[in-house]
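K.L.:
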Amino acid sequence: MFRRTLPLLRQAAGKSFYITTPIFYPNAAPHLGHLYSMLLCDVRHRWAKLTNVPSFFTTGTDEHGLKIQTAAEKQGKDPKAFVDDLAVVFKGLASDSGISYDRFIRTTDEDHVNTVKHFWEILEKDGLIYEGEHEGWYAMSDETFYPASQIKQEADGKWVSIETGSEVKLTSEKNYFFKLGSFRDRIIDHMEKNPNWIIPHQKHQELLNELKSAPLNDLSVSRPSSRLSWGIPVPSDDSQRIYVWIDALVNYLTSAGYPNKEYMTKWPATHLIGKDIIRFHCVYWPALLMAAGVPLPEQVVVHGHWLCEGSKMSKSKGNVVDPLKTMDVYGRDSLRFFLCENSVLNGDNNFSEESLSRSRDLLVDKYSNLVMRVCGKKFNLARAQQNFETLKSIKFEDEALQTQYTTLQTEIDALYSKMDQKMTQFNTSGAISDFWRLISDANQFIQDSEPWKKPQEEKDAIIFIGAEVARIVSILIQPIIPELSSIVLDRLSVEPNRRSVEYAGYGKDLKYGEGANRSGDYPLKKIESLK
Numbered sequence: 001m002f003r004r005t006l007p008l009l010r011q012a013a014g015k016s017f018y019i020t021t022p023i024f025y026p027n028a029a030p031h032l033g034h035l036y037s038m039l040l041c042d043v044r045h046r047w048a049k050l051t052n053v054p055s056f057f058t059t060g061t062d063e064h065g066l067k068i069q070t071a072a073e074k075q076g077k078d079p080k081a082f083v084d085d086l087a088v089v090f091k092g093l094a095s096d097s098g099i100s101y102d103r104f105i106r107t108t109d110e111d112h113v114n115t116v117k118h119f120w121e122i123l124e125k126d127g128l129i130y131e132g133e134h135e136g137w138y139a140m141s142d143e144t145f146y147p148a149s150q151i152k153q154e155a156d157g158k159w160v161s162i163e164t165g166s167e168v169k170l171t172s173e174k175n176y177f178f179k180l181g182s183f184r185d186r187i188i189d190h191m192e193k194n195p196n197w198i199i200p201h202q203k204h205q206e207l208l209n210e211l212k213s214a215p216l217n218d219l220s221v222s223r224p225s226s227r228l229s230w231g232i233p234v235p236s237d238d239s240q241r242i243y244v245w246i247d248a249l250v251n252y253l254t255s256a257g258y259p260n261k262e263y264m265t266k267w268p269a270t271h272l273i274g275k276d277i278i279r280f281h282c283v284y285w286p287a288l289l290m291a292a293g294v295p296l297p298e299q300v301v302v303h304g305h306w307l308c309e310g311s312k313m314s315k316s317k318g319n320v321v322d323p324l325k326t327m328d329v330y331g332r333d334s335l336r337f338f339l340c341e342n343s344v345l346n347g348d349n350n351f352s353e354e355s356l357s358r359s360r361d362l363l364v365d366k367y368s369n370l371v372m373r374v375c376g377k378k379f380n381l382a383r384a385q386q387n388f389e390t391l392k393s394i395k396f397e398d399e400a401l402q403t404q405y406t407t408l409q410t411e412i413d414a415l416y417s418k419m420d421q422k423m424t425q426f427n428t429s430g431a432i433s434d435f436w437r438l439i440s441d442a443n444q445f446i447q448d449s450e451p452w453k454k455p456q457e458e459k460d461a462i463i464f465i466g467a468e469v470a471r472i473v474s475i476l477i478q479p480i481i482p483e484l485s486s487i488v489l490d491r492l493s494v495e496p497n498r499r500s501v502e503y504a505g506y507g508k509d510l511k512y513g514e515g516a517n518r519s520g521d522y523p524l525k526k527i528e529s530l531k
């Protein structure tokens, strides 16, 4: 039945790492959750490039559908003009946040519209799409039908989706269906053979259990044009519009260059998504890809939501965090660092201004302070580097200092490996813990050793190893705080072409420090809070 059954390739010759955010629905201003998704992908993308892995990163906006049509009508705007304005806002958030994407895709882009039509025609040609009448529980805000098993009745009598909380109404209409149920066993088989396909593992297991517990109903994949005019027409039937989720999911292929065969130099992708859209990405999407003979995604990374002071953000509560306003006061990198430091995939995350302020202060007190210590006018990094071979094997009279010194050398060389294990698994909070541990140990060593009281050789050894910590943590933290780390590396006089991972080891760069020992401002200063 399914003639397009290419193997689920895990790697292709010359393939780059390909990371995607979900594309965002631009019916309102972007919020902290949008930035969080962008940021996790941006950090992973930057880490790949830092470690000499070719990487391709896409984000964008999902611009078709009933919500957009309705919102545009309320404002008396043409839908295209409406989404044009909002796409600029989302691009602005990315720019202001230092998000280094390779493509910002819009589902109104001409190449995407053509790709969606091509994808539909493949499914239709293979007999996987059929016409029928559908009655089900439809959520306008989610633009999807939910089975009876996925809804519940609230105390006020309204029926809602269990997964998203969106209101659903019993709806009947004629449209096209995709034979989703035919792919249930193959999806289960793939998940059982690839236990890390969805991370965190708890999400993988929850979905696998759900798939095993009940059959999959076929999926309604079009909407009547009489109800939804703002969408991509079904190629063979202008009276129907392609279901917005089919349109949205195919964006990942469009950005890779599909259907041109060169798309496999990027595909398969790693998708990062919020926990409320798992079914679309891990049930509907793999089934559609199997049907079209396209390899499944490399991995799906699921993250939780951001709360504010322990409560769900909502306009009615007045607790929606504006990322742009927050960055205006605290700075781009301070917010990036806070979100990464407090990121927990397997659960929701909590924002508070007090925590953000405290996080920023630690960057001043510990990170910036270490830099200012080793760049003091009484020391000379350039001279210390000239004597590196002697200094690395120096013996301190104080045994405790000797132990600290030797331990620091070992910790410096181990940092990249420790952080790499965590960063490749999107565990930014764990990587930041490693960053802080080394900085704390270096600050403690300088404080305990009191280099200003030591003879010249010991003084140079103490200051140089402190500088090595500052240099190497700055190289490895670049994906998270690119602006601040660059300021620190500039302060240490590290050459721009020596800021990659091959230099992130003890004594791997002996050409920095010239002119670093001088008066100057802290790389980051304390500020007043928003309150």
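The opening position of the sequence shown corresponds to residue 1 in UniProt numbering, with each subsequent residue numbered one higher.
Yeah, the Cβ is synthetic: ideal placement off N, Cα and C, and Gly gets one too.
(1) Applying the 10 Å Cβ sphere with the 16-neighbour rule, what's the burial state of S529?
(2) Could you have a look at F145 and say whether DSSP puts it in helix, strand or coil?
(3) My guess is that R336 and L39 are in contact by the Cβ rule of under 8 Å, so how many angstroms apart are they, rounded?
(4) From this set, S393, Q425, A461 and Q478, which residue's C-alpha is nearest F435's C-alpha?
(5) For V329, does the three-state DSSP call read helix, strand or coil?
(6) I'd like to know whether the C-beta atoms of S485 and S474 end up nearer to each other than 8 Å.
(7) Where S166 and Q150 are concerned, what is the direct C-alpha to C-alpha distance, given to the nearest angstrom?
(8) Need the endpoints of the alpha helix (DSSP H) that P22 sits in, please.
(9) Three-state secondary structure (DSSP) at R103?
(10) Is the beta carbon of N217 closer than 8 Å to that of L170?
(11) So is G466 buried or exposed if we call it buried at 16+ other beta carbons inside 10 Å?
(12) Below 7 Å CB to CB, which residues in the same chain sit around Y101 once its five sequence neighbours on both sides are set aside?
(13) I think V300 touches I198, with their Cβ atoms under 8 Å apart; what is that distance to the nearest whole Å?
(14) Pop quiz: I412 and E458 are said to be a contact at Cβ under 8 Å. What is the actual Cβ separation, rounded to whole angstroms?
(15) Report the CB separation of V113 from I232 in whole angstroms; it is logged as a contact under 8 Å.
(16) Just to confirm my understanding: we take M372, look at its own chain, exclude 5 residues before and 5 after, and list those with CB closer than 7 Å. What are they?
(17) Determine the direct distance from the alpha carbon of L524 to that of L363, and round the result to whole angstroms.
(18) On a CA-only basis, which of A148, L228, K125 and P200 is nearest A278? Give me that one, please.
(19) Just curious, the beta strand (DSSP E) that A139 is in, first and last residue?
(20) If V321 and C308 are in contact, beta carbons under 8 Å, what's the gap, nearest whole angstrom?
(21) Where does E354 land, buried or exposed, given buried means 16+ other C-beta within 10 angstroms?
(22) Residue range of the alpha helix (DSSP H) that V113 falls in?
(23) Let me check understanding here. Comparing Cα to Cα, which of I23, G33 and F17 lies closest to P323?
(24) Quick check: the region 266-276 against the region 64-82, are there 3 or more CB pairs under 8 Å?
(25) Using a Cβ distance threshold of 8 Å, determine whether the region 238-253 contacts the region 117-131, with at least three qualifying pairs required.
(26) So, for W159: in the same chain, excluding its five sequence neighbours on each side, which residues have a beta-carbon less than 6 Å away from its beta-carbon?
(27) Are the beta-carbon atoms belonging to I187 and P295 less than 8 Å from one another?
(28) Tell me the DSSP bridge mates of L272?
P.N.:
In short, the structure shows the following:
(1) At S529, the pLDDT of 45 sits below 50, so the modelled position is not reliable and the matter cannot be decided from this model.
(2) strand
(3) 6 Å
(4) Q478
(5) helix
(6) yes
(7) 11 Å
(8) P22 -> no alpha helix (DSSP H), and no H or E assigned at all.
(9) strand
(10) no
(11) buried
(12) F57, T58, T59 and A94
(13) 5 Å
(14) Actually they do not touch by this definition, with Cβ atoms about 18 Å apart.
(15) 6 Å
(16) Y522
(17) 7 Å
(18) It is Ile, not Ala, that sits at residue 278 in the sequence shown. The candidate whose alpha carbon is nearest that of I278 is P200.
(19) I129 to A139
(20) 6 Å
(21) exposed
(22) E110 to K125
(23) G33
(24) no
(25) yes
(26) I151, Q153 and V168
(27) no
(28) V301
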